[in-house]
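Novice: In the working numbering, the protein residues as written are 9 to 142. Here's a structure for you.
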């Protein structure tokens, strides 16, 4: 699986600490799950170079929001999505922070007419349905 630098895919050991390079979170955790490749966010060439016949998926936040707002250059999501389709790689959009109209569209991917193979919505769905904790 390929993920981007600066991601905020969560805090669980298997799926999320493994692909993150932030030393503050990794210092007291481990061992980490092998098999993740980390590429620069918003740069298509490293993503293209990282894809192999064994690549299962590309997990990306359409807009990164861990430390401010980090937007990819215009066209990046669409080009990455097309590349994944050409290479038979799942395109997974993590829309936990950007889904359900938070960017002015239903999903941030909608700005580039990208329809991911899978959305990660988790907490975003709960917040959209039940904004106040019980």
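Don't be surprised by glycine CBs; every beta carbon is placed ideally from N, CA and C.
Counting only the same chain and skipping the five closest in sequence on each side, list residues whose C-beta sits under 6 Å from that of residue 73.
Specialist: Here the set comprises 105.
Novice: Decide if residue 100 is buried, meaning its Cβ has at least 16 other Cβ atoms within 10 Å, or exposed.
Specialist: Residue 100 should be labelled buried.
Novice: Is it buried or exposed for residue 116, if we count other Cβ within 10 angstroms and need 16 for buried?
Specialist: buried
Novice: With C-beta atoms as the reference, is residue 98 less than 8 Å away from residue 125?
Specialist: yes
Novice: Considering only C-alpha positions, which residue in the set 49, 45, 43, 76 is nearest to residue 87?
Specialist: 49
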